[in-house]
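In our numbering, the protein residues as written are 907 to 1091.
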């Protein structure tokens, strides 16, 4: 019997992580845990106020994600996690779970041209469609250097890595991602 797979979808804000994760979850009927959905539940439950509070709830949402991840992984079913996983913060957490629960992993790294990404992030932030608890409009200066890079480094774990470029939103190649995942699942 093959190992269950943890699909990790990561990258900077506005690279299409959540949309891609939902498409993969639907295509392969795999459970999906998204960090921002957990964070927004916290906002709606205990409130929001400023960027510092949003960052604290971001840390709490990662802790909740890891708790849920442990619950799913203990059942040996494949699953998807989506969020802005940074190697320096999440590699040890994920590596420990992969070993403990005997999972394989694949990372899908969402990226985009940095200048386009920063404009996309600003547009999304000012659209009124994102939860106000994220305080996006107040943190352009904080996120701009990361956004201009256009990508994150993969986690330092034993895994396959798939690059998903979302620079051109009119030509997103989901099928290529599905095909690569089909061979792994």
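We put the CB at the ideal spot given by N, CA and C, even for glycine.
Query, Result
"Buried/exposed call for residue 998, threshold 16 Cβ in 10 Å", "exposed"
"Those residues which DSSP pairs with residue 1011 across a bridge", "912"
"Reduced DSSP category for residue 978 - H, G, I as helix; E, B as strand; rest coil", "helix"
"Straight-line gap, residue 933 to residue 994 (C-alpha atoms, nearest Å)", "31 angstroms"
"Pick from 978, 1031, 987 and 992 that is closest to residue 1008, judged by C-alpha positions", "978"
"Cβ contact check for the region 915 to 926 and the region 1018 to 1038: 3 or more pairs under 8 angstroms", "yes"
"Where residue 1066 falls: helix, strand or coil (DSSP)", "strand"
"Rounded distance between the beta-carbons of residue 1053 and residue 1020, thought under 8 angstroms", "6 angstroms"
"Distance between residue 908 and residue 1034 (C-alpha atoms, nearest Å)", "44 angstroms"
"Neighbourhood of residue 945 by C-beta distance below 7 angstroms, restricted to the same chain and skipping five residues each side", "963, 964 and 967"
"Sequence ranges, beta strand (DSSP E) only - wholly within the region 917 to 980, length at least 3", "938 to 940"
"Cβ pair residue 1072, residue 1018 closer than 8 angstroms", "yes"
"Residue 912 to residue 1082 span [Cα, whole Å]", "19 angstroms"
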